[in-house]
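J.: Order-wise, the sequence lines are chains E and D. In this note's numbering, each number is its position in the first sequence, counted from 1, plus 7. In this note's numbering, each number is its position in the second sequence, counted from 1, plus 7.
Protein chains: 2
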Amino acid sequence: MNEHGNGGPVFEIGVVIPRRAVQEKDESCDCACFLVKEFEKVGFIVERVVGIADEFIKLAAPLETFGRAAAELQIKKRTLIGMDLQFEVEEVEAFVKQPDGSVFSWCERFQCYCHLIYGIVNNSKSVKTLKFDGKEIRWEIGEHLLQKLESENIVKQVFPLHDEKKRKKLLRSWALHWWDLTSQPIDEIYSYYGAKIAIYFAFLGMFTRWLLFPAAFGLTLQLIDFGSLRLVVLPAFFIMVILWAIMFSQFWKRKNSALLARWPISSAVGADQGYKILGSRQASSWQPPMELLKVFESDRAKEKEIFQRHEWLGRLMRFRNDAIIIFSIICLQLPFELAYAHLYEVLGSDIIKFGLTAVYLFAIQYITKIGGKVSVKLIMNENNENTEKRADSLIYKVFGLYFMQTYIGIFYHALLHRNFSTLRQVLIQRLLLSEVLENLLENSLPYLKYSYKKYRVRHKKNEKGEVREKFQFTSRVEKEYLKPSYSASIGEELEDGLFDDFLELALQFGMIMMFACAFPPAFAFAAVNNVMEIRTDALKLLAILRRPVPRAAATVGAWLNIFQFLILMSICTNCALLVWLYDEEGKWKIEPGLAAILIMEHVLLLIKFGFSRFVPEEPAWVRANRAKHTTQAQDICYKKLLRSISGGDKTLEEDKKLE
Amino acid sequence: MNEHGNGGPVFEIGVVIPRRAVQEKDESCDCACFLVKEFEKVGFIVERVVGIADEFIKLAAPLETFGRAAAELQIKKRTLIGMDLQFEVEEVEAFVKQPDGSVFSWCERFQCYCHLIYGIVNNSKSVKTLKFDGKEIRWEIGEHLLQKLESENIVKQVFPLHDEKKRKKLLRSWALHWWDLTSQPIDEIYSYYGAKIAIYFAFLGMFTRWLLFPAAFGLTLQLIDFGSLRLVVLPAFFIMVILWAIMFSQFWKRKNSALLARWPISSAVGADQGYKILGSRQASSWQPPMELLKVFESDRAKEKEIFQRHEWLGRLMRFRNDAIIIFSIICLQLPFELAYAHLYEVLGSDIIKFGLTAVYLFAIQYITKIGGKVSVKLIMNENNENTEKRADSLIYKVFGLYFMQTYIGIFYHALLHRNFSTLRQVLIQRLLLSEVLENLLENSLPYLKYSYKKYRVRHKKNEKGEVREKFQFTSRVEKEYLKPSYSASIGEELEDGLFDDFLELALQFGMIMMFACAFPPAFAFAAVNNVMEIRTDALKLLAILRRPVPRAAATVGAWLNIFQFLILMSICTNCALLVWLYDEEGKWKIEPGLAAILIMEHVLLLIKFGFSRFVPEEPAWVRANRAKHTTQAQDICYKKLLRSISGGDKTLEEDKKLE
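1) Inspect the beta-carbon positions of phenylalanine 522 of chain E and leucine 434 of chain E and report whether they are closer than 8 Å.
2) Leucine 573 of chain D and methionine 520 of chain D: beta carbons closer than 8 Å?
3) So what's leucine 71 of chain E in DSSP terms, helix, strand or just coil?
4) Hey, could you find the ends of the alpha helix (DSSP H) aspartate 329 of chain D is sitting in?
5) Please decide whether arginine 145 of chain D counts as near chain E, where near means a Cβ-Cβ distance under 8 Å.
6) With DSSP as the reference, identify every bridge partner of glutamine 93 of chain D, one or two as the case may be.
7) In terms of DSSP beta bridges, what is valine 128 of chain E paired with?
8) Between which two residues does the alpha helix (DSSP H) containing glycine 675 of chain E stretch?
9) So that I know if they touch, is there some Cβ in chain E lying closer than 8 Å to that of glycine 669 of chain D?
10) Spell out a yes or no on whether the stretch 248-268 of chain E and the stretch 614-625 of chain D are touching, meaning 3 or more CB-CB pairs, one atom from each, closer than 8 Å.
11) Below 8 Å between beta carbons: does that hold for phenylalanine 63 of chain E and valine 484 of chain E?
12) Taking Cβ to Cβ, would you say glutamate 598 of chain E is nearer than 8 Å to tryptophan 595 of chain D?
13) Which two residues bound the contiguous beta strand (DSSP E) that contains phenylalanine 181 of chain D?
14) Measuring CB to CB, does leucine 505 of chain D end up less than 8 Å from isoleucine 204 of chain D?
15) Could you list which residues in chain D have their beta carbon closer than 8 Å to that of arginine 261 of chain E, in chain order?
16) Can you give me the start and stop residues for the alpha helix (DSSP H) that glutamate 195 of chain D sits inside?
17) How many Å lie between cysteine 40 of chain D and lysine 104 of chain D at the Cα?
18) Could you please give me the residues that DSSP links to aspartate 37 of chain D through a beta bridge?
19) Which residue wins for smallest C-alpha separation from valine 134 of chain E, given the options E:Gly149, E:Ile127, E:Leu612?
20) Would glycine 517 of chain E and tyrosine 589 of chain E qualify as a contact pair, given that the criterion is a beta-carbon distance under 8 Å?
21) For isoleucine 193 of chain D, which residues of its own chain have a beta-carbon under 6 Å away from its beta-carbon, when the five flanking residues on both sides are left out?
22) Have a look at E:Ile578, E:Gly600, E:Leu584 and flag the residue whose alpha-carbon is nearest the alpha-carbon of valine 248 of chain E.
23) Interface residues of chain C around lysine 615 of chain D at Cβ under 7 Å?
24) Name, going along the chain, the residues of the stretch 587-608 of chain E whose beta-carbon falls closer than 9 Å to a beta-carbon of chain D.
25) Taking only three categories from DSSP, how would you classify glycine 564 of chain E?
26) Can you list, in chain order, the residues of its chain whose CB lies under 6 Å from that of aspartate 107 of chain E, leaving out five sequence neighbours each side?
27) What does proline 242 of chain E touch in chain D if you count any residue whose Cβ is under 9 Å from its own?
28) For alanine 68 of chain E, tell me which candidate among E:Phe117, E:Val23, E:Leu92, E:Leu339 has the shortest Cα-Cα distance.
29) Closer than 8 Å, CB to CB, is aspartate 279 of chain E near chain D or not?
30) Out of E:Ala365, E:Lys384, E:Phe406, E:Glu352, which has the shortest C-alpha to C-alpha gap to glycine 416 of chain E?
31) Comparing the C-beta of alanine 265 of chain E with each C-beta of chain D, is any distance below 8 Å?
32) Express the C-alpha separation of phenylalanine 526 of chain D and glutamate 624 of chain E in angstroms, rounding to a whole number.
33) Give the C-beta separation of alanine 550 of chain D and leucine 178 of chain D to the nearest angstrom, bearing in mind that I take them to be a contact with Cβ-Cβ under 8 Å.
34) Can you list the residues of chain E that asparagine 446 of chain D reaches, using a CB-CB cut of under 9 Å?
35) Scan the stretch 577-605 of chain D and note each continuous alpha helix (DSSP H) run of 4 residues or more that stays entirely inside, going in chain order.
36) So which residues of chain E does phenylalanine 618 of chain D contact, with C-beta pairs closer than 8 Å?
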């Protein structure tokens with residue numbers, strides 16, 4: 008009966024309850040027992056594990072339970088004929104199976120778990136009194152059990168569990184499969200971690216594969232002395248690199264849509280599903296505020312106006328926020344960064360330089376933290392369409408911060424001082440730094456956290472004076488609970504650890520692209536780094552961290568736009584670099600008038616290509632109208648359609664039997 | 008019973024048969040009588056009109072006939088719930104009505120007419136012998152009647168007729184409504200001429216309205232002397248104009264999608280419907296070759312590879328064609344144009360200049376004709392997805408020709424010789440020329456053609472020695488037959504008269520934008536011209552030409568891309584103009600190295616933004632897969648859906664009755 012069809016049930020969710028000092032005698036009143044019973048009533052398969060410091064309830068669910076929950080949630084799934092329809096338990100045959108043969112993807116399963124766990128309500132006619140460690144809790148009629156227990160601090164956490172069997176398989180076939188270089192079992196990653204993480208690794212893999220070509224070119228440029236041809240080879244390298252980057256970003260889009268066609272993800276739906284653990288229960292991909300939709304129903308004349316006002320207000324709000332961020336970056340961060348770069352340039356002694364860098368690194372930590380918090384606050388005021396859009400908005404803003412922080416010093420050395428030796432030094436430093444230090448930090452920090460938590464648990468027990476031999480963590484679930492979760496170093500509310508991974512990639516891309524002419528072998532550094540990055544990231548996800556909450560969004564999102572922006576930037580910066588490289592004697596003078604006109608031209612070109620992002624091609628009311636219509640259509644006919652799809656399949660099977 | 012509900016039937020199609028010398032006695036054998044009977048059998052309302060030189064069969068159809076034809080053609084129409092479903096006569100209520108209250112749009116009606124007229128087949132079991140003017144024609148079993156008669160030259164033409172009532176109404180409310188400036192009855196234009204022409208006029212109207220702002224700015228710049236501020240005002244004007252153009256192109260896209268939401272046009276379907284009169288019967292919007300689709304069905308493993316090969320082959324073919332065109336423009340046309348411009352610059356005498364221009368204009372006619380023919384031939388080898396895509400491909404190629412022809416001389420004066428007075432002269436000349444001459448030519452040429460044809464008919468009759476008084480053209484249909492059709496001056500096979508109209512608009516846009524800094528009042532010229540253009544184009548369509556064959560495509564198509572390309576160009580050219588304007592003493596020197604780097608930068612930026620057009624984001628097989636799936640879905644459920652939509656409406660009506 009189990010979905011996975013491999014023996015025992017697979018427990019995928021863990022609920023953490025503190026271990027009680029006093030065991031309740033009356034089992035019907037004991038909170039933990041009661042919770043287990045309620046879970047069983049809902050349809051879960053439950054296993055209780057008593058750990059050292061906490062108690063754990065592990066949950067699994069058979070297909071029927073998922074089916075019921077999915078039908079209640081009105082989850083839309085892709086059917087065999089390619090249309091997305093609401094799930095119905097009776098017509099399972101009509102829906103496309105996942106690559107691993109199961110009906111629901113991990114993301115959908117997680118959504119169902121959340122719905123079922125947080126949907127337990129007191130339906131009886133009396134208030135129930137529960138006891139926990141001597142405390143009494145009144146479960147009122149109509150109250151949600153889990154919310155109640157969470158507010159009373161009895162349920163400490165609900166978190167997704169690793170599936171040991173699959174995890175070990177992935178560990179072998181993915182994380183420890185070093186000799187494969189860039190190839191990865193993407194389909195298996197998708198079914199274990201969900202679309203977003205699989206897309207990240209597919210992106211990383213393709214990027215690394217593509218990197219090998221400019222890496223080889225860059226290395227030959229460095230190693231072979233071209234003599235008098237040198238003047239021609241460098242611009243050729245520049246043009247090649249830009250063309251390479253342009254082609255990469257376009258071919259990635261193709262690859263992405265090919266992946267989406269392979270995985271049964273409904274492209275429209277799902278942008279908002281299952282990201283936050285606490286019931287984000289908006290089903291449709293684009294949800295205009297409810298009051299607007301009501302107006303839409305009642306008054307067709309007013310609809311357009313109201314929708315347009317809502318659309319433009321939202322856009323202005325976002326514009327204002329972006330302006331605030333950009334303004335504060337330029338006015339606060341830029342002088343700071345420039346001051347550091349200038350001091351670094353001016354100072355003679357290496358020791359003072361080292362001290363300065365330490366102070367700088369310390370200060371920068373605070374600045375990014377503050378910047379991230381401000382961005383998160385600003386975004387809360389925006390009416391972004393869904394969580395993924397909101398996350399994108401945050402990504403743009405925070406990337407602005409990191410962009411300044413990472414590159415402004417390099418720009419200073421490269422463009423203002425024309426100091427190419429310092430530039431190359433800084434580039435090598437940063438690339439090696441990111442290669443060694445970040446990978447080290449990324450992997451050791453979670454492990455240290457985990458060790459510290461383990462130590463604390465032991466320590467507490469010690470204080471209570473229990474026997475020492477018992478301290479082996481026998482239960483795997485407790486170990487997993489102590490592992491840190493996959494979270495971003497900035498703005499945990501809106502983004503998970505993918506933010507850090509993508510940020511690293513984007514900063515690396517900017518570094519190698521924008522200064523390609525100054526230091527061609529950077530591509531080789533990056534390629535080596537990324538080949539390692541694939542495996543260390545995999546290892547981090549599989550061995551060091553908790554299983555992350557799945558996200559349904561199936562594109563790279565804002566990051567691709569950032570990559571494209573970096574390509575644009577690199578066209579301009581490399582041209583400037585070339586000018587300064589060839590103009591060794593400083594003879595090429597640009598009159599201020601000419602410079603002003605050139606700057607104006609570039610700004611206008613930027614606006615030309617940026618404006619279409621600011622104003623979408625389709626007014627919001629047209630979009631809302633269409634969305635309303637299609638959902639209406641699917642609501643009308645989905646049952647009939649489903650029957651004809653799965654019915655058609657059955658007749659086919661019968662035909663086969665007759666033969 | 009008539010669709011339009013205004014008294015008599017509206018005859019919309021005319022079939023032309025030469026007038027016979029000998030009237031056949033046996034009516035059952037007479038070809039014309041037989042044809043009329045067959046038309047009546049199909050369900051048409053038929054009227055025969057005997058003209059002076061020809062005989063005409065006018066056809067109208069009641070709603071039932073259209074309904075039957077639409078169901079046979081499996082036309083997809085928008086239903087009340089917004090989904091596009093196959094038409095069914097019984098469920099008329101489920102479909103959205105046109106703005107004028109009829110069920111079918113003019114484009115759909117035309118498609119039905121064609122289907123019915125060309126679908127008459129000899130279904131009887133014997134060969135029929137028809138007589139016409141003494142000639143005997145054998146109508147074989149299973150043969151199409153109209154094709155047979157056309158090949159025998161008995162049916163001379165099938166053409167759409169004007170609807171007198173609506174035409175007169177439009178003439179009053181649109182063509183002769185001068186004082187409205189830019190506002191037009193777009194919905195009525197849509198229901199009379201179809202989407203493509205309505206979109207053209209909506210575009211022209213919006214463009215003209217938007218033009219008023221830079222026109223006012225440009226005029227003030229010309230009239231008021233800013234003194235020392237002059238140096239600041241011109242760049243400000245330039246920036247304003249570019250921003251204006253960028254915003255215009257984006258807001259037009261919004262307007263276009265709003266129009267599509269207002270008219271019940273299915274956005275996906277319809278790109279290929281009803282353009283050519285001779286049955287282009289591909290129903291779906293994107294039709295990969297049949298053999299490919301069959302492979303798709305049988306072998307899912309091979310599908311991707313084959314589709315990808317097909318996709319890339321087509322793309323390479325198009326790329327080769329584009330390369331041929333660009334190469335020949337640069338190698339053949341460019342020297343010719345430059346030679347003319349140079350001679351014009353060098354020659355002193357005005358008379359020789361005039362002669363030179365005459366020779367040039369004569370030569371240019373041939374060049375564009377040849378260029379157009381070569382382009383059409385090249386396009387025939389491309390496997391474009393549908394006729395609209397093919398038309399777009401032609402537009403790009405031919406616009407390349409016209410671009411060179413129109414602007415290269417101006418570039419020569421402006422950029423090479425820095426001769427601003429000649430530049431301004433040329434601009435004024437061209438703008439006035441386009442304003443007066445083109446409008447004159449556009450309207451007088453068709454009228455002259457019409458008059459000549461009338462004269463020829465009279466002349467022939469005269470030779471035959473008939474009485475003179477009879478020569479009044481009494482029948483309106485004969486007059487319409489003699490009117491010229493709405494055809495392009497280039498490549499009649501692929502484009503209709505819209506090509507010329509859009510070309511004029513695009514060339515004007517390029518002229519005013521690319522040299523905005525050299526001659527700001529050009530915008531005012533253009534605005535005045537366009538206000539007139541709206542009415543003269545309307546007059547041309549309503550009074551001078553035959554009713555054009557409707558086209559279903561509902562966007563501006565390739566022209567918007569051309570507009571955006573012109574905006575890009577104008578950023579660069581205006582910057583160059585500004586440099587030369589401010590650098591009066593010629594002091595600003597650009598080193599060749601710097602110039603090379605700048606040119607490289609601009610080329611790379613162009614590639615960055617052009618590449619995404621070359622490689623689409625979605626592989627062809629993903630697209631084909633989805634298209635197959637959605638049509639499959641709609642085929643399964645469309646009847647059920649239709650019933651529930653129109654059934655739902657009925658119950659609503661019953662509820663109202665009960666109240």
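For glycine and all other residues, C-beta sits at the position ideal for the given N, C-alpha and C.
T.: Checking against the coordinates, here is how it stands:
1) Residue mapping note: residue 522 of chain E aligns to position 515 of the first sequence, counting from 1. Residue mapping note: residue 434 of chain E aligns to position 427 of the first sequence, counting from 1. Taking 8 Å as the Cβ cut-off, phenylalanine 522 of chain E and leucine 434 of chain E qualify as a contacting pair.
2) To locate residue 573 of chain D, count along the second sequence from 1; it is residue 566. To locate residue 520 of chain D, count along the second sequence from 1; it is residue 513. Yes; because the gap between Cβ atoms is below 8 Å, this pair is in contact.
3) By 1-based counting over the first sequence, the position of residue 71 of chain E is 64. In the sequence under discussion, the amino acid at residue 71 of chain E is glutamate, which differs from the leucine named in the question. Helix, per DSSP.
4) Counting from one through the second sequence, the residue named residue 329 of chain D turns up at place 322. That run of the alpha helix (DSSP H) goes 310-335.
5) Locating residue 145 of chain D in the second sequence gives position 138, where the first residue counts as 1. Answer no: the Cβ-Cβ gap between arginine 145 of chain D and chain E never drops below 8 Å.
6) By 1-based counting over the second sequence, the position of residue 93 of chain D is 86. Looking at the DSSP assignment, glutamine 93 of chain D forms a beta bridge with D:Lys83.
7) Within the first sequence, residue 128 of chain E is the residue found at index 121, counting from 1. Paired residues: E:His151.
8) Any answer about residue 675 of chain E is impossible in this case: the structure gives chain E only from 8 up to 666.
9) Nothing in the structure corresponds to residue 669 of chain D, since chain D is present only between 8 and 666.
10) yes
11) For the purposes of this step, residue 63 of chain E is identified with residue 56 of the first sequence, where counting begins at 1. For the purposes of this step, residue 484 of chain E is identified with residue 477 of the first sequence, where counting begins at 1. Yes, the pair counts as a contact, with Cβ atoms nearer than the cut-off.
12) For the purposes of this step, residue 598 of chain E is taken as residue 591 along the first sequence, with counting starting at 1. For the purposes of this step, residue 595 of chain D is taken as residue 588 along the second sequence, with counting starting at 1. Yes, the pair counts as a contact, with Cβ atoms nearer than the cut-off.
13) For the purposes of this step, residue 181 of chain D is taken as the residue at position 174 of the second sequence. Sequence check: residue 181 of chain D is tryptophan here, not phenylalanine. No beta strand (DSSP E) holds tryptophan 181 of chain D; DSSP gives it neither H nor E.
14) Sequence index remark: in the second sequence, residue 505 of chain D carries index 498 (1-based). Sequence index remark: in the second sequence, residue 204 of chain D carries index 197 (1-based). Yes, they are a contact pair.
15) Mapped onto the first sequence, residue 261 of chain E falls at position 254. Here the neighbours are Val622, Pro623, Glu624, Glu625, Pro626.
16) Working through the second sequence from its first residue, we reach residue 195 of chain D at position 188. Element bounds for glutamate 195 of chain D: 193-200.
17) Residue 40 of chain D sits at position 33 when you count from the first residue of the second sequence. Residue 104 of chain D sits at position 97 when you count from the first residue of the second sequence. Each residue's Cα considered, the two are about 36 Å apart.
18) Position 30 of the second sequence, counted from the first residue, corresponds to residue 37 of chain D. According to DSSP, which records beta bridges pairwise, aspartate 37 of chain D is partnered with D:Lys138.
19) Locating residue 134 of chain E in the first sequence gives position 127, counting from the first residue. The option with the nearest alpha carbon to valine 134 of chain E is E:Gly149.
20) Locating residue 517 of chain E in the first sequence gives position 510, counting from the first residue. Locating residue 589 of chain E in the first sequence gives position 582, counting from the first residue. Cβ atoms of glycine 517 of chain E and tyrosine 589 of chain E: not closer than 8 Å.
21) To locate residue 193 of chain D, count along the second sequence from 1; it is residue 186. Ala205, Ala209, listed in sequence order.
22) Along the first sequence, read from residue 1 onward, the residue named residue 248 of chain E stands at position 241. With distances taken between Cα atoms, valine 248 of chain E lies closest to E:Ile578.
23) Protein chains E and D are contained in the structure displayed, whereas chain C is not.
24) Tyr589, Asp590, Lys594, Trp595, Lys596, Ile597, Glu598, Gly600, Leu601, Ala603, Ile604, Leu605, Met607, Glu608
25) Start at 1 with the first residue of the first sequence, and residue 564 of chain E comes out as number 557. Residue state, collapsed to three classes: coil.
26) As a working note, residue 107 of chain E is residue 100 in the first sequence. Excluding sequence neighbours, aspartate 107 of chain E sits near Ser198.
27) Here residue 242 of chain E corresponds to residue number 235 of the first sequence, with the count starting at 1. Neighbours of proline 242 of chain E on chain D, chain order: Ala603, Ile604, Met607.
28) Position 61 of the first sequence, counted from the start, is the residue given in the question as residue 68 of chain E. That would be E:Phe117, whose Cα lies nearest to the Cα of alanine 68 of chain E.
29) Position 272 of the first sequence, counted from the start, is the residue given in the question as residue 279 of chain E. Interpretation of aspartate 279 of chain E is limited by its pLDDT of 38, a score under 50 that renders its predicted location unreliable; the figure taken from the coordinates is listed afterwards. Not closer than 8 Å to any Cβ of chain D, the Cβ of aspartate 279 of chain E fails to qualify, so no.
30) The count along the first sequence starts at 1 and reaches residue 416 of chain E at position 409. Comparing Cα-Cα distances from glycine 416 of chain E to each of E:Ala365, E:Lys384, E:Phe406, E:Glu352, the minimum goes to E:Glu352.
31) As a first step, residue 265 of chain E is located in the first sequence; it is residue number 258 there, counting from the start. Yes, alanine 265 of chain E counts as interfacial toward chain D.
32) Against the first sequence, residue 624 of chain E aligns to sequence position 617. Against the second sequence, residue 526 of chain D aligns to sequence position 519. Each residue's Cα considered, the two are about 32 Å apart.
33) Position 543 of the second sequence, counting from 1, holds the residue named residue 550 of chain D. Position 171 of the second sequence, counting from 1, holds the residue named residue 178 of chain D. Yes, they are in contact, since the Cβ atoms of alanine 550 of chain D and leucine 178 of chain D sit about 7 Å apart, within 8 Å.
34) In the second sequence, counting from the first residue as 1, residue 446 of chain D sits at position 439. Going along chain E, no residue has its Cβ under 9 Å from asparagine 446 of chain D, so there is no contact; the nearest lies around 32 Å.
35) none
36) Position 611 of the second sequence, counting from 1, holds the residue named residue 618 of chain D. Near phenylalanine 618 of chain D (Cβ distances below 8 Å), the residues of chain E are Ile253, Met254, Gln257.
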